[in-house]
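Only one structure is covered here, and it is reproduced in the block below.
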Amino acid sequence: MALSCRSGAAMRKYLLLLAQDNCEFRLPEIKSLLTLFGGHFNNIQDAQAKSPFCVLHLPSEEMARKLMKRTVCAKSLFELWAHGKSLEELKESLERHPLESMVNYLQSNSTYKINIHTFNKTLSQKEKLSKIDALEFVPFKGKVNLQNAEHIFYLLEDYGPEPNNTRLEPLQIFFGRWIADGQRDLINSYSVKKRHFIGNTSMDAGLAFLMANHARVKPNDLVFDPFVGTGGLLVPCAHFGAYVCGSEIDYNTAHGLGKASRMNQKWRGPDENIRANLRQYGLEKYYVDVLLSDASKPIWRKGPLFDAIITDRMFPFSLFVSMYYPVTVLFYNFISKTPF
Numbered sequence: 002m003a004l005s006c007r008s009g010a011a012m013r014k015y016l017l018l019l020a021q022d023n024c025e026f027r028l029p030e031i032k033s034l035l036t037l038f039g040g041h042f043n044n045i046q047d048a049q050a051k052s053p054f055c056v057l058h059l060p061s062e063e064m065a066r067k068l069m070k071r072t073v074c075a076k077s078l079f080e081l082w083a084h085g086k087s088l089e090e091l092k093e094s095l096e097r098h099p100l101e102s103m104v105n106y107l108q109s110n111s112t113y114k115i116n117i118h119t120f121n122k123t124l125s126q127k128e129k130l131s132k133i134d135a136l137e138f139v140p141f142k143g144k145v146n147l148q149n150a151e152h153i154f155y156l157l158e159d160y161g162p163e164p165n166n167t168r169l170e171p172l173q174i175f176f177g178r179w180i181a182d183g184q185r186d187l188i189n190s191y192s193v194k195k196r197h198f199i200g201n202t203s204m205d206a207g208l209a210f211l212m213a214n215h216a217r218v219k220p221n222d223l224v225f226d227p228f229v230g231t232g233g234l235l236v237p238c239a240h241f242g243a244y245v246c247g248s249e250i251d252y253n254t255a256h257g258l259g260k261a262s263r264m265n266q267k268w269r270g271p272d273e274n275i276r277a278n279l280r281q282y283g284l285e286k287y288y289v290d291v292l293l294s295d296a297s298k299p300i301w302r303k304g305p306l307f308d309a310i311i312t313d314r315m316f317p318f319s320l321f322v323s324m325y326y327p328v329t330v331l332f333y334n335f336i337s338k339t340p341f
């Protein structure tokens, strides 16, 4: 699949290695983030494909690095030097790649190493070394340094989407220079399992960061969640530098009272609330407030107010909204009456 950016600058070709979860949200996240950084995009192909490989055309490495500082759907990004269906095609592709874009990374006074990544196939160490040796056509002049290399290169092989029907030879092969890794570590760092204040429906950290990226949240934004619950969607927004607030109809949830959701804990503690969650991550300064309010009854004055509204709209349906007042109607009424 390919995603292009229209710009007056000459395009560079990059390869994204995507994670294999939330596949339907991966490219929309990438598109939203690139838009956040000033691009206009077209030519999105195979948006629902299961392949972890996505080719991007970007105007600069700076934009590429900005993207990787935000995305939770991408594992790594590489400057793509060559692409083919066989080693011979890979060599021909490399020969067509502009030499001036490679020469700075192939100097004799530099160090490098080559890593192998395969999708849906496991290689032995001997097989990996054999594939590295086969890259003799790459004009490396520097010294190999496996511990602290200045430049890291990757050979990536795609063995197709069927893990139970592994091919002998790859469908496609990529070769490129590693640029940066994505922010997948945030999913573990902000895991709900480690969070001070949680509920039965607290949003998964990975999905919460994904939603914040889709909303293009940026520093100094004011972000609102009308069905805030335990504030799972406010945490990633604050992480990205936005000021956060919300409303909640349930008094106990809003004030951190009542029965606990954790195993072996009967009642919530005296400091279990959304503000404490933000304090846990050093983000308390971004907390504005949580209002005790019914989101079906808009309370806001007219005029611009929020930079983004981010919410899990199915949350109230499962707990508070009757079958005679569908949550889709509630959400539409809220959005139509709330100022941005």
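So the sequence shown is numbered by my numbering: it starts at 2 and just counts up by one.
Don't be surprised by glycine CBs; every beta carbon is placed ideally from N, CA and C.
Assignment of beta-bridge partners to Thr112 by DSSP yields Lys144. With a 10 Å radius around the Cβ and a threshold of 16 neighbouring Cβ atoms, Pro99 comes out exposed.
By the CB criterion at 8 Å, Asp226 and Thr312 fall inside the cutoff. A direct Cα-to-Cα measurement between Ser61 and Leu211 gives close to 24 Å. Straight-line measurement puts the Cα of Ser52 at about 46 Å from the Cα of Ile300. Residue range 235-240 is occupied by the alpha helix (DSSP H) that includes Ala239. In the DSSP assignment, no residue is bridged to Ala243. Using a Cβ distance threshold of 8 Å, Ala65 and Ile250 do not count as a contacting pair. In terms of Cβ geometry, Gly183 and Leu16 do not form a close pair [threshold 8 Å].
Separation of the CB atoms of Leu18 and Leu157 is rounded to 7 Å, and the pair is thereby assigned contact status at 8 Å. In the structure shown, Phe176 adopts extended strand secondary structure according to DSSP, grouped into three states. By the 16-neighbour rule on beta-carbons within 10 angstroms, Ser131 is exposed. A Cβ-Cβ separation of about 4 Å places Cys246 in contact with Val289 under the 8 Å criterion.
Taking C-beta atoms under 8 Å as the contact rule, Leu91 and Phe141 fail to qualify, at a distance of about 15 Å. Straight-line measurement puts the Cα of Leu57 at about 27 Å from the Cα of Thr167.
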